[in-house]
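Below is one structure, written out as structure tokens; the observations come after it.
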Amino acid sequence: SENTLVVFCSDNGGAFPSKTFEPSISLRGHKGSLYEGGIRIPFIARWPNHISAGATCDRVVYFPDLMPTLAELTGTQTAVPADIDGVSFAPELLGKTVERSERYLYWEWNGQHFFDEYKPIRQAVRKGDWKLVRHELNGTWELFDLATDPKESKDLAGTHPKLVEELDQWVATHRIPHRPQQEPDRHDGQEWR
4 SENTLVVFCS DNGGAFPSKT FEPSISLRGH KGSLYEGGIR IPFIARWPNH ISAGATCDRV
64 VYFPDLMPTL AELTGTQTAV PADIDGVSFA PELLGKTVER SERYLYWEWN GQHFFDEYKP
124 IRQAVRKGDW KLVRHELNGT WELFDLATDP KESKDLAGTH PKLVEELDQW VATHRIPHRP
184 QQEPDRHDGQ EWR
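The opening residue of the sequence shown carries number 4 in my numbering; numbering runs sequentially from there.
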């Protein structure tokens, strides 16, 4: 147990809010949303004699970073495909300071899910503290400065058109459309009686 790395994280932000519980705390959005309340998740790691107890890191990471990180920590980097989007954050987990170049993070969700009738493709792209969100392809972008507005309450797209254009161009250049997602049949339990 002293040489076991334990990781706690989630695949999406908070669930839908209820009358008594706000799972996204004060962040805008929830599961299925590309606002921070839908994509910002906890990441907690415990590894005695490797990760200092109580240590924190402010580096922005996202789920594709997990595979190269675990591969580096276990010495299996050669098994990681060279063309994946993830970047290892193993040095930061181990308490090292690493200079990193700014990178783009991209999310896309086709909206077809068991709790949706149909919603168009939604997109978000982040570079540093700036985040662009739209709710359908070719829709209007919203721009947020997460450093000063983590709740995404003030759309700055109108005051930063060049930044919107830069991020939009990045999406247009790098987006690879994914196949339509097919959800499995949902049984109501009657079929099994």
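Ideal placement from N, C-alpha and C gives every residue a C-beta, glycine not left out. Note that the coordinates shown come from a computational prediction; the quantities given were computed from them, not determined experimentally.
Can you give me the C-alpha to C-alpha distance between residue i and residue j, rounded to a whole angstrom?
{"i": "Val101", "j": "Lys134", "result": "23 Å"}
{"i": "Ala74", "j": "Ala58", "result": "21 Å"}
{"i": "Phe147", "j": "Val167", "result": "10 Å"}
{"i": "Arg43", "j": "Asn15", "result": "7 Å"}
{"i": "Leu96", "j": "Pro51", "result": "12 Å"}
{"i": "Met70", "j": "Asn141", "result": "32 Å"}
{"i": "His33", "j": "Cys12", "result": "16 Å"}
{"i": "Leu76", "j": "Leu8", "result": "9 Å"}
{"i": "Lys165", "j": "Pro45", "result": "32 Å"}
{"i": "Glu105", "j": "Leu170", "result": "13 Å"}
{"i": "Ser156", "j": "Ser4", "result": "44 Å"}
Note down, in chain order, each residue of its chain lying with its Cβ closer than 6 Å to the Cβ of residue i, except the 5 sequence neighbours on either side.
{"i": "Asp158", "result": "Glu145"}
{"i": "Leu108", "result": "Tyr65, Arg129"}
Inspect the beta-carbon positions of residue i and residue j and report whether they are closer than 8 Å.
{"i": "Gly40", "j": "Arg31", "result": "yes"}
{"i": "Arg62", "j": "Phe92", "result": "yes"}
{"i": "Pro67", "j": "Gly89", "result": "yes"}
{"i": "Val136", "j": "Ala127", "result": "yes"}
Exercise. Enumerated in chain order, which unbroken segments of the alpha helix (DSSP H) with a length of 4 residues or greater are wholly contained in the region 87 to 144?
Worked result: 93 to 96
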